[in-house]
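K.L.:
Counting from 1, position 332 in the sequence shown corresponds to residue 332 in full-length UniProt numbering; the numbering is continuous, with no gaps. For glycine and all other residues, C-beta sits at the position ideal for the given N, C-alpha and C.
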Amino acid sequence: MDALDLARWQFAITTVYHFWFVPVTIGLSAVVAGYHTAYVRTHNPHLYKMTKFFGKLFVINFALGLATGIVQEFQFGMNWSDYSRFVGDIFGAPLAFEALLAFFLESTFLGLWLFGWGKLPEKLHASTMWLVHIGTVLSAYFILAANSFMQHPVGYRFNPETGRAELTDFVAVLTNPVQLVTFPHVIFAAYMTGGAMVMAVSLWHVRTRLTDLTPTYRKAVRVGAIMTLVASLGVIVSGDIQGKIMTDVQPMKMAAAEAHYETSTHAPFSVLSVGNLDGTEAVHLIQIPGLLSYLGKGSFDAEIKGIDDLRKEYQAQYSGDPRTSDAVTNYTPNIPTTYWTFRLMIGAGFASMATALLALWATRRKAGDGSGAMKARWWHWMIVAAPLLPIAANSFGWIFTEVGRQPWVVFGLMTTANGVSPAVPMWTVATSLVLFTLVYAVAAVIEVKLFLRYIRRGAEAEPDPDHTDRDEDATLVYSY
Numbered sequence: 001m002d003a004l005d006l007a008r009w010q011f012a013i014t015t016v017y018h019f020w021f022v023p024v025t026i027g028l029s030a031v032v033a034g035y036h037t038a039y040v041r042t043h044n045p046h047l048y049k050m051t052k053f054f055g056k057l058f059v060i061n062f063a064l065g066l067a068t069g070i071v072q073e074f075q076f077g078m079n080w081s082d083y084s085r086f087v088g089d090i091f092g093a094p095l096a097f098e099a100l101l102a103f104f105l106e107s108t109f110l111g112l113w114l115f116g117w118g119k120l121p122e123k124l125h126a127s128t129m130w131l132v133h134i135g136t137v138l139s140a141y142f143i144l145a146a147n148s149f150m151q152h153p154v155g156y157r158f159n160p161e162t163g164r165a166e167l168t169d170f171v172a173v174l175t176n177p178v179q180l181v182t183f184p185h186v187i188f189a190a191y192m193t194g195g196a197m198v199m200a201v202s203l204w205h206v207r208t209r210l211t212d213l214t215p216t217y218r219k220a221v222r223v224g225a226i227m228t229l230v231a232s233l234g235v236i237v238s239g240d241i242q243g244k245i246m247t248d249v250q251p252m253k254m255a256a257a258e259a260h261y262e263t264s265t266h267a268p269f270s271v272l273s274v275g276n277l278d279g280t281e282a283v284h285l286i287q288i289p290g291l292l293s294y295l296g297k298g299s300f301d302a303e304i305k306g307i308d309d310l311r312k313e314y315q316a317q318y319s320g321d322p323r324t325s326d327a328v329t330n331y332t333p334n335i336p337t338t339y340w341t342f343r344l345m346i347g348a349g350f351a352s353m354a355t356a357l358l359a360l361w362a363t364r365r366k367a368g369d370g371s372g373a374m375k376a377r378w379w380h381w382m383i384v385a386a387p388l389l390p391i392a393a394n395s396f397g398w399i400f401t402e403v404g405r406q407p408w409v410v411f412g413l414m415t416t417a418n419g420v421s422p423a424v425p426m427w428t429v430a431t432s433l434v435l436f437t438l439v440y441a442v443a444a445v446i447e448v449k450l451f452l453r454y455i456r457r458g459a460e461a462e463p464d465p466d467h468t469d470r471d472e473d474a475t476l477v478y479s480y
């Protein structure tokens with residue numbers, strides 16, 4: 001193991017950990033904005049309590065996500081300086097928009113939402129959370145635009161004198177075909193995660209206690225479940241389109257997702273395989289004929305290129321290119337990782353849909369408040385799994401996306417081996433890897449403890465809304 005391996009491990013650990021917070025932040029911001037709007041329209045005190053309750057969970061998640069996200073920026077300069085030098089002209093624009101427009105939008109209006117209770121007009125106050133949500137969505141758009149360039153470079157020219165990619169068309173970067181399908185896929189997945197979080201938290205309260213807010217929790221279960229199901233349909237549709245674009249711009253990734261070695265028409269999709277997946281001992285136990293052809297090109301009898309032919313094609317195309325590493329002779333990603341993360345992503349997503357359907361069944365009108373249908377012990381484990389399944393699906397999806405692109409850090413332009421910082425010794429990367437892992441482990445404990453503490457308190461702990469007139473010149477007070 002060398003500095004390159006450690007740098008990749010560090011980026012993988014910190015990125016996957018950070019992305020645990022991102023979909024929850026996007027999804028919960030929409031939920032809180034919806035509840036706040038409903039409260040302004042009805043002045044139902046129960047809706048006020050639910051707004052404050054889920055608002056606390058959102059703020060906890062936002063704070064941890066912000067802290068872990070800062071590390072991502074630093075890693076570009078610390079461990080990936082050659083990569084940063086190569087794509088800095090491209091990445092500078094979308095990341096500047098993300099920081100100066102999207103992040104400041106969400107952070108500024110989150111402050112107004114937190115401190116504005118009783119100070120801002122009700123409708124204006126509720127709109128601040130919608131602006132926070134818009135900020136989170138815009139932030140995702142600009143970051144995904146940068147990542148989509150890594151998957152499918154557009155809007156640039158390569159300057160051989162400086163050895164850098166230079167931006168020529170910012171609009172092309174923002175409208176990259178990979179970006180246009182990846183963005184809705186990620187946002188739908190975030191809504192799915194936020195809905196599952198609301199559903200699980202509310203299910204726990206319905207199952208464990210009977211209070212005046214139980215009917216409100218029951219409605220929240222159904223809101224979260226419906227949000228999860230509707231968003232999951234968006235994930236499926238956008239994922240199908242994404243698979244076809246991926247086959248067009250990164251055919252090796254699609255072939256690796258199936259461990260598909262030989263070019264063929266009517267290519268099958270294996271639900272389950274055993275063996276080493278290196279093309280010699282892989283045995284496909286359960287296959288669906290023609291499904292891989294449909295996923296890749298929209299036709300059950302379309303031709304899908306295999307790994308062996310693509311490997312030869314890439315070797316002929318990229319060997320000797322000064323932008324690639326001379327040491328790279330195998331342009332195939334890690335097949336077991338891409339194969340299984342692709343299936344784990346799909347499996348976790350469908351399992352999340354199943355939990356939402358069960359929650360809707362348990363809280364149907366004939367079941368009353370739903371608590372009676374959830375006395376079985378297995379409901380406890382389902383409640384625990386409900387928010388974790390979409391988070392796992394998001395994580396597996398991103399692992400598949402990034403590992404499936406290897407050995408490229410920017411597809412067709414720069415290999416991962418050429419992007420690492422050449423002057424950073426292995427012991428330095430190892431030290432930062434250990435420190436970041438330990439710090440993130442502590443942060444995870446803090447996050448879980450805070451979440452569980454406020455979940456147990458529930459919306460019942462929130463005070464009744466205060467509609468009394470206040471002095472407009474009074475100092476803003478933090479509402480939590």
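1. I'd like to confirm the pairing. Which residues does DSSP put opposite Met197 in its beta bridges?
2. Just the C-alpha distance for Leu174 and Val186, rounded to the nearest angstrom, thanks.
3. Would you check if the distance between the CB atom of Thr355 and the CB atom of Gly404 is smaller than 8 Å?
4. Using only CA atoms, which one of Gln242, Glu98, Ile90 lies nearest to Val178?
5. Express the C-alpha separation of Thr68 and Val442 in angstroms, rounding to a whole number.
6. Can we say the region 197–213 touches the region 221–234, given the rule of at least three CB pairs closer than 8 Å?
7. If you measure between the beta carbons of Gly55 and Val32, is that distance less than 8 Å?
8. Put Glu258 into one of helix, strand or coil per three-state DSSP.
9. If you follow the beta strand (DSSP E) that Ala165 is part of, which residue opens it and which one closes it?
10. Taking the Cβ atom as the reference point for each residue, do Gly135 and Ala99 lie within a distance shorter than 8 Å?
11. From this set, Leu131, Gly92, Met246, Arg343, which residue's C-alpha is nearest Gly111's C-alpha?
12. Is it a yes or a no for the region 112–123 touching the region 444–452, going by three-plus beta-carbon pairs under 8 Å?
13. Which whole-angstrom value describes the C-beta separation of Leu28 and Phe53, a residue pair presumed to lie in contact below a C-beta threshold of 8 Å?
14. Smallest Cα separation from Tyr191: which of Gly34, Leu413, Met414?
15. Does the Cβ of Val420 have 16 or more other Cβ atoms within 10 Å, making it buried, or fewer, making it exposed?
16. Secondary structure at Trp361, three-state DSSP: helix, strand or coil?
17. Classify Arg8 as buried or exposed, calling it buried when 16 or more other Cβ atoms lie within 10 Å of its own Cβ.
18. Excluding the 5 residues flanking His133 on each side, which residues of the same chain have their C-beta closer than 6 Å to its C-beta?
19. Which term fits Arg457, buried or exposed, when burial requires 16 or more other beta carbons within 10 angstroms of its beta carbon?
20. Could you check whether Gly239 and Gly195 sit closer than 8 Å to each other, using their CB atoms as the reference points?
21. By DSSP, does Phe269 sit in helix, in strand, or in coil?
22. Hey, would you say Gly296 sits closer than 8 Å to Met345, going by beta carbons?
P.N.:
In terms of the structure at hand:
1. Looking at the DSSP output, Met197 shares a beta bridge with no other residue.
2. So the two alpha carbons sit approximately 16 Å from each other.
3. With respect to the 8 Å criterion, Thr355 and Gly404 are not classified as neighbours on the basis of their beta carbons.
4. Ranked by Cα distance from Val178, the first of Gln242, Glu98, Ile90 is Gln242.
5. For Val442 and Thr68, the gap between their C-alpha atoms comes out near 12 Å.
6. With a cut-off of 8 Å, the region 221–234 and the region 197–213 count as touching, because enough Cβ pairs lie within range.
7. Cβ distance < 8 Å, so Gly55 and Val32 count as in contact.
8. If DSSP states are grouped into helix, strand and coil, Glu258 belongs with the helices.
9. From DSSP, the beta strand (DSSP E) with Ala165 extends over 164–167.
10. No, the pair does not count as a contact, with Cβ atoms beyond the cut-off.
11. Of Leu131, Gly92, Met246, Arg343, the residue nearest in Cα terms is Leu131.
12. The answer is no - the region 444–452 does not touch the region 112–123, with fewer than three Cβ pairs under 8 Å.
13. Contact between Leu28 and Phe53 fails: their C-beta atoms lie close to 11 Å from each other, not under 8 Å.
14. The shortest CA-to-CA distance from Tyr191 to any of Gly34, Leu413, Met414 is the one to Gly34.
15. With 16 or more other Cβ atoms within 10 Å, it is buried.
16. Note: Trp361 maps to helix in three-state DSSP.
17. With 16 or more other Cβ atoms within 10 Å, it is buried.
18. If you ignore the 5 residues before and after His133, its C-beta comes within less than 6 Å of the C-beta of Ser29, Ala30, Ala33, all in its own chain and listed in chain order.
19. Exposed, since its Cβ has fewer than 16 Cβ neighbours within 10 Å.
20. Cβ distance not < 8 Å, so Gly195 and Gly239 don't count as in contact.
21. Looking at Phe269 - three-state DSSP - the assignment turns out to be strand.
22. In this structure, Gly296 sits away from Met345, with a CB-CB distance that is not shorter than 8 Å.
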